[in-house]
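Colleague:
Residue numbers (the working numbering), protein chains in the order written: chain A, 1 to 398; chain B, 1001 to 1398.
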């Protein structure tokens, strides 16, 4: 146990927003409550920009009603940013923090944020300034290493799983009109979100019928063959794809096409993966294909939020403060799944060095041999993250 | 009171699906329960196609658990269709119904369905075959005449209103990265759904910042000026638009562009309204613009469903059966709002002749003078349709 360290605390949010990032903020506020070592809790506006610009929100002076609503408000209440610190920028950040006697820094973010936080922690060590730094993970992409999963993923996974069943019912009922549907989801370079769309699939006839993942090079001929086979068999086909699928050469699908990259005014022309695939399906199968692209709605939707995700995001914030007060620093709050059949998460400090510039992809055993569908092993991993009360939509008996 | 008419009943669903169309089906099943005049209740598979192909689902033999889940299952449980009867097709339909001694026909659908149903009713009258025909309205577009609103609209309106606040929070928090967002919604030729996106807007800074409606010819210069002004003032801008906006000449925005309508292989190229507008904003403002296009998710989402919409859709089905048993025929179940401050709907029979080939657009007093935002009058009209427990997302105090 290190000696008591007295000073101010700063908390920030960074990177893409989620439906539960404010739960982690609420967890930090809860952790700080009543702890005299922390003389003030300031929220940095728009991530590290708030520190650089001395732009803070006093989190101890917020009304009880706002604090109560905070955890149920999606997006980032402090404002977020993707600002990458220039070389040496961490020293500027540290100077600002020192000027305000800040001794605790909590950043809620992903991969890039972890890098920023690590640089700040190292700068403080170099200057022998005691600053306790804890990174609180956050990303819908679920692509951080050294943790079972990341807060934010469970909720977007629930959105993907449930809306795919719902929108799939639309396609099944309208198969005479619009038999092919694409649902384009997020996920950066990994297919965790797209994979989650299959979590409530029970039979072969249930949607989704095939998945297109960024990890798997897209082969157009094979894709069209498969869509055609599914339509022949079940009368309709629901494809869930990542917006970042690529071909074997690494080119984004629907991003650029030879001969049509510019309009007559020289404007670059981006079609998007789902629309491109719809067009190719229509040309080949001579049936209509439509696409849904929920975009930021998938990561902001509160009615689809996972209560498990909410609770874990909150506890990650609580643990960050608890550890820092005990002297722990330069760590990320890692999630470790307890062994056994019952789902339970333990929170463990992970050295921050292990996080930046690494990404976690879907492991092989989570995908079927043709890479077009997920396995039971994936379901065992991901289903508990969605929370309870999952819907089920029975069909009329014929 | 007409004499008792004994025979079978057929119910069908037609046109685009909604989150509550199965509530109307459940209402018909409930209405028929215990009524001996109706000897059987058959659901026609895929609308009128089921009648033409003798493809029925026996609705009296369904299990209690399936019937209980039915109303909470989106899409059309019987299957839907957009099949337009060819000239004389109504006689073929009638012949099929007569063969099975069908005396009651309930069709749940929109504009086009009303036309089909009317033709069948007229054919029966011509042949002096007593067939009681009631049309149960259904369309997310809310564009039917002679009714205060249509079942299905309240739920998609709730989806539009809430997700615009949610996704708007994302844009506000990420304004340094993605300051402009488009949300592309449905609505055919009317802007009822897009208008609903503004129902939870409280201040000028709240999203949406402008609306693009199919009723109002799109002017690109004026649009770009307005987006630029909003971004200058609030740092970000959320635009909600209909996928069917048109210019003054009636051309769909983003559908075809001169010089780039075909790729080198001769494929027609459709960009879509939101993507087109994003591109134009990026060229003009030199900032990133993104779009969300929830597509069929907006009409299938159960977590965003309006409980008011659910109840009304159910009661529309119940009334249809009740009226038909009393001898009422060739009507649609119309919704009439009771006068006074308290929201209440009375169900009234509307002559079916008044429905087909007419569309209802947003009236002038529901739009501000620049046609870019809705008025308080629209809020008074539409807010009760969303149901209770609307979320509110307070901001941290600075």
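Quick reminder that beta carbons are idealized off the backbone N, C-alpha and C, glycines included.
Using a cut-off of 9 Å between C-beta atoms, extract the partners of residue 1181(B) located in chain A.
Modeller: 295, 296
Colleague: Could you round the C-beta distance between residue 20(A) and residue 151(A) to whole angstroms and report it? I think they count as a contact, below 8 Å.
Modeller: 5 Å
Colleague: Taking just the CA atoms, how far does residue 1279(B) sit from residue 265(A)?
Modeller: At residue 265(A), the pLDDT of 49 sits below 50, so the modelled position is not reliable; the number obtained from the coordinates is stated separately. In a straight line, the C-alpha of residue 265(A) is about 12 Å away from that of residue 1279(B).
Colleague: Among 345(A), 10(A), 33(A), which has the Cα closest to the Cα of residue 335(A)?
Modeller: If we check each option's Cα against that of residue 335(A), 345(A) comes out closest.
Colleague: Going by C-alpha to C-alpha distance, which of 1134(B), 1233(B), 1290(B), 1229(B) sits closest to residue 1240(B)?
Modeller: 1290(B)
Colleague: Just confirm the distance between the C-beta atoms of residue 393(A) and residue 1073(B), as a whole number of angstroms; I'd bet it's less than 8 Å.
Modeller: 4 Å
Colleague: For residue 343(A), count the other beta carbons within 10 Å of its own beta carbon; 16 or more makes it buried, fewer makes it exposed. Which is it?
Modeller: exposed
Colleague: Between residue 28(A) and the rest of its own chain, which residues show a CB-CB distance below 6 Å, the 5 nearest in sequence each way excluded?
Modeller: 11, 106, 317, 321
Colleague: Are there 16 or more other CB atoms within 10 angstroms of the CB of residue 219(A), so buried, or fewer, so exposed?
Modeller: exposed
Colleague: Between residue 1208(B) and the rest of its own chain, which residues show a CB-CB distance below 6 Å, the 5 nearest in sequence each way excluded?
Modeller: 1164, 1197, 1198, 1238, 1240
Colleague: When the Cα of residue 1379(B) is compared with those of 1312(B), 1201(B), 1296(B), 1168(B), which residue comes out closest?
Modeller: 1201(B)
Colleague: Using only CA atoms, which one of 1194(B), 1281(B), 1205(B) lies nearest to residue 1221(B)?
Modeller: With distances taken between Cα atoms, residue 1221(B) lies closest to 1281(B).
Colleague: Should residue 26(A) be labelled buried (16 or more other beta-carbon atoms within 10 Å of its own) or exposed?
Modeller: Flag for residue 26(A) reads buried.
Colleague: Output the residue ranges of the beta strand (DSSP E) runs that lie fully inside the region 1063-1142 of chain B and measure 3 residues or longer, sorted by chain position.
Modeller: 1102-1109, 1132-1137
Colleague: Give the DSSP-derived three-state secondary structure of residue 398(A) in the structure shown.
Modeller: Coil at residue 398(A), not helix or strand.
Colleague: Check whether chain A comes within 9 Å of residue 1301(B), counting only Cβ atoms and requiring the distance to be less than that.
Modeller: yes
Colleague: Using a beta-carbon distance below 9 Å, is residue 1214(B) in contact with chain A?
Modeller: no
Colleague: For residue 130(A), which of 120(A), 137(A), 138(A) has the nearest alpha-carbon?
Modeller: 120(A)
Colleague: Would you list, in chain order, the members of the region 1079-1102 of chain B that have their beta-carbon closer than 8 Å to a beta-carbon of chain A?
Modeller: 1079, 1080, 1081, 1082, 1083
Colleague: Note down, in chain order, every chain A residue with its Cβ under 9 Å from the Cβ of residue 1310(B).
Modeller: Near residue 1310(B) there are no residues of chain A at all, since even the closest Cβ is about 15 Å away, more than 9 Å.
Colleague: Which of the three DSSP states is assigned to residue 278(A) in this structure?
Modeller: helix
Colleague: Are the CB atoms of residue 273(A) and residue 244(A) within a distance shorter than 9 Å?
Modeller: It is a contact, given that the beta carbons lie within the stated cut-off.
Colleague: Excluding the 5 residues flanking residue 1004(B) on each side, which residues of the same chain have their C-beta closer than 6 Å to its C-beta?
Modeller: 1037
Colleague: Quick test of the definition: if touching needs 3 or more C-beta pairs under 8 Å, does the region 1124-1139 of chain B touch the region 45-53 of chain A?
Modeller: no
Colleague: Could you tell me how far apart the beta carbons of residue 185(A) and residue 298(A) are, in whole angstroms, since I believe they sit closer than 8 Å?
Modeller: 6 Å
Colleague: Run through chain A and tell me which residues come within less than 8 Å of residue 1397(B), C-beta to C-beta.
Modeller: 57, 61, 62, 63, 66
Colleague: Taking only three categories from DSSP, how would you classify residue 1362(B)?
Modeller: coil
Colleague: Whose CA, out of 229(A), 93(A), 217(A), lies closest to the CA of residue 205(A)?
Modeller: In this structure, 229(A) is the residue among 229(A), 93(A), 217(A) with its C-alpha nearest to the C-alpha of residue 205(A).
Colleague: When DSSP builds the beta bridges, which residues end up paired with residue 153(A)?
Modeller: Answer is none; residue 153(A) lacks a bridge partner.
Colleague: Closest to residue 1079(B) by CA distance: which of 174(A), 80(A), 300(A), 30(A) is it?
Modeller: In this structure, 174(A) is the residue among 174(A), 80(A), 300(A), 30(A) with its C-alpha nearest to the C-alpha of residue 1079(B).
Colleague: List the endpoints of the continuous beta strand (DSSP E) containing residue 211(A).
Modeller: For residue 211(A), the enclosing beta strand (DSSP E) covers residues 210-212.
Colleague: For residue 17(A) and chain B, any beta-carbon pair shorter than 9 Å?
Modeller: Judged by the 9 Å Cβ criterion, residue 17(A) is in contact with chain B.
Colleague: Going straight from the alpha carbon of residue 352(A) to that of residue 22(A), what length do you get?
Modeller: Using only the alpha carbons, I get a separation of about 22 Å.
Colleague: I need the straight-line Cα distance from residue 311(A) to residue 1103(B), nearest angstrom please.
Modeller: 56 Å
Colleague: Mind checking if residue 1271(B) is an interface residue toward chain A, Cβ cutoff 9 Å exclusive?
Modeller: Taking CB atoms only, residue 1271(B) has a neighbour in chain A less than 9 Å away.
Colleague: Taking only beta-carbon atoms, is residue 1156(B) less than 9 Å away from chain A?
Modeller: No, residue 1156(B) lies away from the interface with chain A (no Cβ there is under 9 Å from its Cβ).
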